[in-house]
Amino acid sequence: MTLNLPNDVLLLVGEFLETHQDRYNLIFVSHRFHDLFLRLVYRAATLQSCLQTRSFLGALLRRPELARAVRSLHFKDWNQQQSSSLAPISPADVTLFNDWARQISHSHEEQTQWEQDLLHEVEEAWIALVLPLVHNLRTLHLVYPKENVYLDRTLRRAMQGEKPFHTHPAFRTLHDVSLSHQDHDQDSKGSYCPSQVLPFFSLPAMRTFSADSVIEARPSPDEDNQPQQEEEQQHQQQQDPSSSSPITSITLTSSNGFQGMQTLIASCPSLQSFKYQHSDTHLQSEAYQPSAFHASLSASKSSLQTLWLDTCGTHLPFTISGVNQSHDEWFGSLAEFSALTDLRIRLPNLLDVRYQPDPSTALPDVLPESVQSLYVEGCKETSLAMLVGQLGKVLEGKMKKEEKKKQFGSLRRVDIEGFFHEEEDEDASGYEVSSGTGAVAGGGERVIKPKVYEMVEPLVAACKDAGVELFLRDRECLATML
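In structure tokens form, the structure reads like this:
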């Protein structure tokens, strides 16, 4: 009965199969199903090793219609393999791959280098060899080695319309990009500079960009760094100032933005979501500069809806520039961010309480009235009473009877996360040393102290009256983080 259905109907049925394995099984039903559903199988590909990438590339080169069908490529969870453990390449495949490398090379020397690196299973060379073939790609999750040549070069040529992208414009339908690193060992993990990721910001269909370990290094007058600075300037000059990026969402994890990621943010005039996690663990790390991000994001006051600043960030007592003193700096007022609904921020950056027990600017004057969800991180027990009082003032504004005077009418949820368990793991400097296990001596689980619950009782009652959900959290108390 199924075989009598028109092809269009069968393809619609195939669209409803959610798993790749189910779609893959379809091509073995019959010759008709093989020809009909093979492109559907290649629409989304997850390549986790050099061997899989080699096989995928061979299929695309032999059947170009499969390359046109690819919409999603995921290289995440890459498994590095030793060349000796890989199956040998057949002579026919060697010729196939070398011919493709010759077609996309700009010189005989480059072609020779391609052939040598493919023979020695250089992983980024295989990944880069796939990218010029997938003209209709919409989602790309890419992995970089610590040192790379092929990926940066391929992307630079793609954005500049150079061979092999001179006949087919590259990545014109690319919508979602995520960048990570091949090395799973934290000590050998790579990083990106803004100039490496900026090419994606010039693509016409881009909307969502995320990357791990973007490092915005301090400008240096040293001669050794002069070539790198000139390269950064050249990349920035290549960004047409009259054009702007259509990206609406940026997520940066384990990153370090000395200048508030100004180059990336400034290119996105319609930015709706910005999530940033700071890390002082990189070799070139600088202290977290909240005010720099306030300056960078000021142009997005009318469009930004989601702002997560330094979520679960890593702050060390000392960085490359010396004592780490700016991480508790006040971010600045958010009152003019008129579209902001989802805010997640550390307490010292939300309120200016660094040198006094009470903030210089009250919380109702800091928050935008549009806020719906407020997640406050990094609250110490000594600051909890102050925060409870400030949140009480916010709820008072929400509960005013006169509609004209009512504030924060959209607020629906408040999360307070802090160090509310026994303080045996907190050192004298105030930096939290987290084991990440939530375990305590004796095999039990850490719990929030009863005293803390007593301190927030007035806020619990006020939230209930105002119709606001309240959650009290501690990263070391795992049950509270669910």
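Okay, so the sequence shown: first residue is 111 according to the numbering used here, each after it adds one. The C-beta atom is built at its ideal place from N, Cα and C for all residues, glycine as well. For clarity, every value in this text was computed on a predicted model and none was experimentally measured.
Cα-Cα separation between residue i and residue j, rounded to whole angstroms
i, j, result
"residue 159", "residue 190", "6 Å"
"residue 391", "residue 266", "29 Å"
"residue 282", "residue 183", "15 Å"
"residue 564", "residue 444", "30 Å"
"residue 368", "residue 258", "24 Å"
"residue 480", "residue 504", "12 Å"
"residue 447", "residue 580", "23 Å"
"residue 359", "residue 287", "11 Å"
"residue 422", "residue 485", "12 Å"
"residue 472", "residue 464", "14 Å"
"residue 210", "residue 407", "44 Å"
"residue 378", "residue 285", "14 Å"
"residue 585", "residue 387", "16 Å"
"residue 154", "residue 517", "47 Å"
"residue 535", "residue 168", "Low per-residue confidence applies at residue 535: pLDDT is 47, beneath 50, and the placement is therefore not dependable, though the value from the model is reported in the following sentence. Distance between the alpha carbons of residue 535 and residue 168 is about 54 Å."
Pick from the options that is closest to residue i, judged by C-alpha positions
i, options, result
"residue 207", "273, 402 and 227", "227"
"residue 277", "327, 223 and 214", "214"
"residue 417", "361, 438, 458 and 472", "361"
"residue 557", "582, 312, 279 and 574", "582"
"residue 238", "246, 474, 185 and 439", "185"
"residue 560", "175, 577 and 491", "491"
"residue 231", "187, 287 and 165", "165"
"residue 454", "465, 463, 441 and 466", "441"
"residue 199", "229, 222 and 216", "229"
"residue 376", "397, 364, 393 and 414", "414"
"residue 244", "578, 264, 188 and 319", "264"
"residue 256", "219, 387 and 306", "306"
"residue 467", "475, 474 and 458", "458"
"residue 234", "181, 163 and 170", "163"
"residue 596", "588, 317, 469 and 242", "With the chain represented from 111 up to 592, any question about residue 596 goes unanswered, as that position is not in the structure."
"residue 493", "469, 171, 508 and 506", "469"
"residue 578", "187, 450 and 523", "523"
"residue 260", "223, 289 and 290", "223"
Buried or exposed (CB count within 10 angstroms, at least 16 for buried), residue i
i, result
"residue 315", "exposed"
"residue 269", "buried"
"residue 420", "buried"
"residue 201", "exposed"
"residue 570", "exposed"
"residue 520", "exposed"
"residue 592", "exposed"
"residue 456", "buried"
"residue 393", "exposed"
"residue 478", "buried"
"residue 280", "buried"
"residue 488", "buried"
"residue 205", "exposed"
"residue 475", "exposed"
"residue 589", "exposed"
"residue 552", "Since pLDDT at residue 552 reaches only 49, below the 50 mark, its modelled position is unreliable, and the value read off the structure follows with that caveat. It counts as exposed."
"residue 425", "buried"
"residue 364", "buried"
"residue 179", "buried"
"residue 510", "exposed"
"residue 271", "exposed"
Residue span of the alpha helix (DSSP H) that contains residue i, given as start and end
i, result
"residue 504", "491-509"
"residue 66", "Outside the displayed range of the chain (111 to 592) lies residue 66, so it cannot be described from this structure."
"residue 311", "304-311"
"residue 406", "400-407"
"residue 260", "260-270"
"residue 394", "Careful: residue 394 lies outside any alpha helix (DSSP H) and carries neither H nor E."
"residue 222", "218-229"
"residue 176", "174-179"
"residue 375", "372-376"
Helix, strand or coil at residue i according to DSSP, with G and I counted as helix
i, result
"residue 114", "helix"
"residue 418", "strand"
"residue 333", "Unreliable placement is indicated for residue 333, whose pLDDT of 42 sits below 50; no coordinate value is reported for it."
"residue 485", "strand"
"residue 204", "helix"
"residue 282", "coil"
"residue 166", "helix"
"residue 324", "strand"
"residue 477", "coil"
"residue 555", "strand"
"residue 463", "coil"
"residue 574", "helix"
Span of the beta strand (DSSP E) around residue i
i, result
"residue 367", "359-367"
"residue 579", "579-583"
"residue 155", "154-156"
"residue 526", "523-529"
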